[in-house]
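Each remark here refers to the structure printed beneath this line.
Residue numbers (this note's numbering): 11 to 451.
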């Protein structure tokens with residue numbers, strides 16, 4: 011994406027990794043690797059493969075404008091690209107161009123290469139966001155903040171545990187993407203998957219091609235069995251979900267009425283109508299990019315139903331959908347790095363909100379104190395009745411509890427917020443993060 015909205019939706023390295031130039035580079039990389047693999051299996055002269063490799067390494071010397079102009083008429087860019095390469099290397103060496111392959115072999119393998127390169131850029135930003143979240147978890151390990159469930163205040167937790175949850179999600183997204191990338195397969199089957207045009211060397215050529223590109227060599231083509239694309243879509247969609255969840259947390263914490271966190275950056279977040287506004291633009295933009303992902307994932311999963319040995323339309327729909335999915339997830343990750351790097355939690359504000367909202371915690375403590383005598387169900391009902399009494403009278407729950415003679419009021423009302431084992435869990439997440447990232451820093 012370029013132009014007016016490119017700054018928001020084409021941010022970070024993934025957008026560059028799936029540009030038109032990057033697509034051409036991937037297609038040419040496949041053709042060059044195929045020529046070398048064919049030479050390695052004795053199908054073409056090494057000199058011819060070298061000529062193809064040289065031509066592919068210098069795209070500026072190729073008539074790529076003709077490829078663009080004729081791609082739609084051919085149904086994909088490979089047929090005109092093959093003709094351009096054959097012209098570039100000359101009649102003698104053209105024997106090493108596109109050996110035994112069909113267009114889908116080249117497009118699918120190029121898409122896999124493109125995805126691997128884009129995910130490398132996405133992973134860098136996910137790693138940076140994870141480090142920022144880890145820093146927040148360490149710095150605010152014991153700082154109390156109100157936990158919120160169903161958009162309502164619930165019980166106290168810590169900002170450290172909230173940030174540790176972000177960290178765990180980001181690390182999990184990285185692991186899932188890495189697992190998918192490690193299993194990405196080459197595509198090589200020829201016209202209908204039989205390898206008939208490879209002179210009995212097709213299986214060996216496929217293995218050599220996979221080795222050239224650092225991909226897995228499958229036992230058979232996956233022309234219409236699109237599990238590799240579905241795996242990519244699923245892992246990218248899951249990453250987008252993690253990014254969106256963290257972004258919306260920041261957006262909600264930055265609400266004026268909450269004001270428990272704010273993004274840095276005085277030059278960002280203004281309003282055209284209200285001079286006082288400081289919008290959390292990085293988190294908002296991360297959320298906007300991530301929200302585009304589910305529809306693209308649905309397109310890719312919907313395209314899995316394909317006919318016979320080559321799909322008529324479903325396969326073609328994958329190319330822009332995967333390109334856009336990689337771009338939007340990469341943009342969300344890049345924005346989240348900016349948001350978390352400059353995030354400023356307001357510890358005093360969080361503590362004040364937790365202190366002013368002790369009723370939920372006290373209700374739970376009252377139920378716990380009554381349980382040995384009444385049983386868990388009855389104790390819960392008794393505590394709920396006390397909450398209703400306080401609400402009806404417009405009084406703090408502490409005042410209602412203070413009038414009871416069936417619990418130890420002094421012990422019940424003493425002390426600060428109970429955050430349970432939050433600190434221990436923060437430490438566990440940080441330790442797991444350190445194990446996962448050992449050697450990266």
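C-beta: ideal position from N, C-alpha, C; glycine also.
Please read these numbers as outputs of a predicted model, since none were measured by experiment.
From 130, 154, 158, residue whose alpha carbon lies closest to that of residue 170: 154
Find out if the Cβ-Cβ distance for the pair residue 257, residue 349 is shorter than 9 Å. yes
Quick one: what's residue 163 bridged to in DSSP? 158
Close Cβ partners of residue 131 (< 7 Å) along its chain, the five nearest in sequence each way excluded: 22, 23, 24, 27, 340
With DSSP run on the structure shown, which of helix, strand or coil describes residue 355? strand
Endpoints, the alpha helix (DSSP H) within which residue 97 is located: 88-103
Among 345, 239, 35, whose alpha-carbon lies nearest the alpha-carbon of residue 196? 239
Supposed close pair residue 376, residue 402 - CB separation, criterion 8 Å: Going by Cβ atoms, the distance from residue 376 to residue 402 rounds to 17 Å, so no, they are not a contact pair.
Nearest-angstrom Cα separation, counted from residue 392 out to residue 125: 58 Å
Quick check on DSSP: helix, strand or coil for residue 195? strand
If you follow the alpha helix (DSSP H) that residue 390 is part of, which residue opens it and which one closes it? 386-403
Could you pull the start and end residues of the alpha helix (DSSP H) that residue 421 belongs to? 419-423
Under the three-state DSSP convention, the category residue 168 falls into: strand
Run through DSSP, which three-state label would residue 137 get? helix
Beta-carbon proximity list for residue 419, same chain, < 8 Å, skipping 5 on both sides: 411, 412
Taking Cβ positions, are residue 242 and residue 190 nearer each other than 9 Å? yes
Can you give, in chain order, each stretch of the alpha helix (DSSP H) that sits fully within the segment 13-71 and has at least 4 residues? 16-19, 23-27, 30-50, 56-67
Pairwise C-alpha distance: residue 180 and residue 148: 16 Å
If you follow the alpha helix (DSSP H) that residue 443 is in, where does it begin and where does it stop? 432-446
Pull up the CB-CB distance for residue 359 and residue 431, whole angstroms please, since I reckon it's below 8 Å. The pair is not a contact, with the Cβ atoms about 25 Å apart (cut-off 8 Å).
Decide if residue 118 is buried, meaning its Cβ has at least 16 other Cβ atoms within 10 Å, or exposed. buried
With the cut-off set at 9 Å, would you say residue 460 and residue 114 are in Cβ contact? Examination of residue 460 is not possible in this model, given that the chain is present from 11 through 451 alone.
Can you tell me where the alpha helix (DSSP H) holding residue 407 begins and where it ends? 407-412
Between residue 157 and the rest of its own chain, which residues show a CB-CB distance below 7 Å, the 5 nearest in sequence each way excluded? 164, 165, 166, 167
Would you mind stating whether residue 120 and residue 207 have Cβ atoms separated by less than 9 Å? no
Is residue 77 helix, strand or coil when you go by DSSP? helix
Give a yes or no on whether the C-beta atoms belonging to residue 47 and residue 219 are separated by under 9 Å. yes
Assuming the contact rule is C-beta atoms closer than 8 Å, residue 51 and residue 214 should be a hit. Round their C-beta distance to whole Å, please. 5 Å
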